[in-house]
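Just below is one structure, and these are the notes that go with it.
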Amino acid sequence: MLRKITERIEKIPQFYLIVLAHFIYYSGYFLTNHLKIFELHELPFIFREESIPLVSWTSVIYLSAAIMSPLAMFLIKQPHLGKVIVSGAGMVAVAMAAFIIYPIAYPREKNTDDFLLHLIRSADEPSNCCPSLHVAACFFLSLCLWRFSGKRTSLLFLLWSAAITISTLTTKQHYILDIMAGGLLAVIFAWLATRKQTR
Numbered sequence: 016m017l018r019k020i021t022e023r024i025e026k027i028p029q030f031y032l033i034v035l036a037h038f039i040y041y042s043g044y045f046l047t048n049h050l051k052i053f054e055l056h057e058l059p060f061i062f063r064e065e066s067i068p069l070v071s072w073t074s075v076i077y078l079s080a081a082i083m084s085p086l087a088m089f090l091i092k093q094p095h096l097g098k099v100i101v102s103g104a105g106m107v108a109v110a111m112a113a114f115i116i117y118p119i120a121y122p123r124e125k126n127t128d129d130f131l132l133h134l135i136r137s138a139d140e141p142s143n144c145c146p147s148l149h150v151a152a153c154f155f156l157s158l159c160l161w162r163f164s165g166k167r168t169s170l171l172f173l174l175w176s177a178a179i180t181i182s183t184l185t186t187k188q189h190y191i192l193d194i195m196a197g198g199l200l201a202v203i204f205a206w207l208a209t210r211k212q213t214r
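Residue numbers for the sequence shown follow our numbering, so the first one is 16 and each next one is one higher.
Here it is in structure tokens:
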């Protein structure tokens, strides 16, 4: 069944596929972000992460994930993009199920003098933390690029992903445990997207 879905997705023009994928992703994200069914929980700070300073200007790096994602998908050509979309959808579904069943909140202040950071805080509730989809999506696409595109290009995206990961800490959006969970998701689903299958 998944193979048939993938084959149908592969027939959709790349531009429309990328737009559709992001529309569904952001719709689902903000729905689960504002959907409060179960009690919010907090995670423990590890490796003295509570001492990491808030660096407001890194919100630019944090928001750059919205540019990186469609750009990476544009560089992955069909038929590979179809596999990436299907595996990525599975990864996002797992994360969103976690957001609903056991929501994790980060104890961050909503009021800030920095415009971009204030914008992030206003749009994004302090939940949908674990696993970090910022980390998962960026590294997932970067690892897929490593398999389906040039190594030099994918290395740049991996470094970009690392910078975005650090920004999730310096903007006080995520715990280190969120990052670890997001990284694990990325590795698992990138392997599923890039493994060779016999038809």
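Ideal Cβ positions, reconstructed from N, Cα and C, are used throughout, including at glycine.
Worksheet item: In or out: R136 buried (at least 16 other Cβ within 10 Å) or exposed?
Response: buried
Discussion item. Helix, strand or coil, according to DSSP, for H215 in the structure here?
Written reply: In the structure displayed, the chain extends from 16 to 214; residue 215 sits before or after that span and is not available.
Fill in: Reference F204; option with closest CA among I179, R162 and Y31
R162
Fill in: Rounded distance between the beta-carbons of P146 and Y121, thought under 8 Å
Contact doesn't hold; Cβ gap of about 13 Å is too wide.
Item to complete: Have a look at E22, L170 and S164 and flag the residue whose alpha-carbon is nearest the alpha-carbon of K98.
Response: E22
Item to complete: Enumerate in chain order the residues of its own chain whose CB-to-CB distance from H95 is below 7 Å, with the five nearest sequence positions on each side excluded.
Response: F163
Item to complete: Over the uninterrupted alpha helix (DSSP H) stretch that includes L90, give me the two end residues.
Response: A80 to L90
Worksheet item: Whole-angstrom Cβ separation of L148 and S74, contact assumed at under 8 Å?
Response: Incorrect: roughly 17 Å between the Cβ atoms, too far for contact.
Practice prompt. Would you mind reading off the limits of the alpha helix (DSSP H) that contains N48?
Written response: Q29 to H49
Item to complete: Give the straight-line distance between the Cα atoms of T183 and P28, rounded to the nearest whole angstrom.
Response: 33 Å
Discussion item. My assumption, with CB atoms under 8 Å, is that L200 sits in contact with M106. Please give the rounded CB distance.
Written reply: 5 Å
Worksheet entry | Bridge partner(s) assigned by DSSP for H189 | DSSP lists no partner for H189.
Worksheet entry | Inter-residue Cα distance where the pair is G198 and E54 | 25 Å
Discussion item. Short of 7 Å in beta carbon distance, which residues of its chain neighbour I2, apart from the five on each side in sequence? Order them along the chain.
Written reply: This structure cannot speak to residue 2, because the chain is shown only from 16 to 214.
Discussion item. On the DSSP letters alone, give me the boundaries of the alpha helix (DSSP H) that K26 sits inside.
Written reply: Note, K26: premise wrong, no alpha helix (DSSP H); not H, not E.
Item to complete: Please report the Cβ distance between M83 and F154, rounded to the nearest whole angstrom; I am assuming they are in contact, meaning their Cβ atoms lie under 8 Å.
Response: Not really, about 11 Å apart at Cβ, beyond 8 Å.
Worksheet entry | Cβ-Cβ distance between I33 and P85 below 8 Å | yes
Fill in: Selected residue, minimal CA-CA separation from I159, among F30, M195 and V101
One point to set straight first is that residue 159 is Cys, not Ile, in the sequence displayed. Closest option to C159, Cα to Cα, is V101.
Worksheet item: How about I61 and L192: are their beta carbons less than 8 Å apart?
Response: yes
Worksheet item: From A80 to G165, what distance separates their C-alpha atoms?
Response: 20 Å
Worksheet item: Y77 to I91, Cα distance in whole Å?
Response: 23 Å
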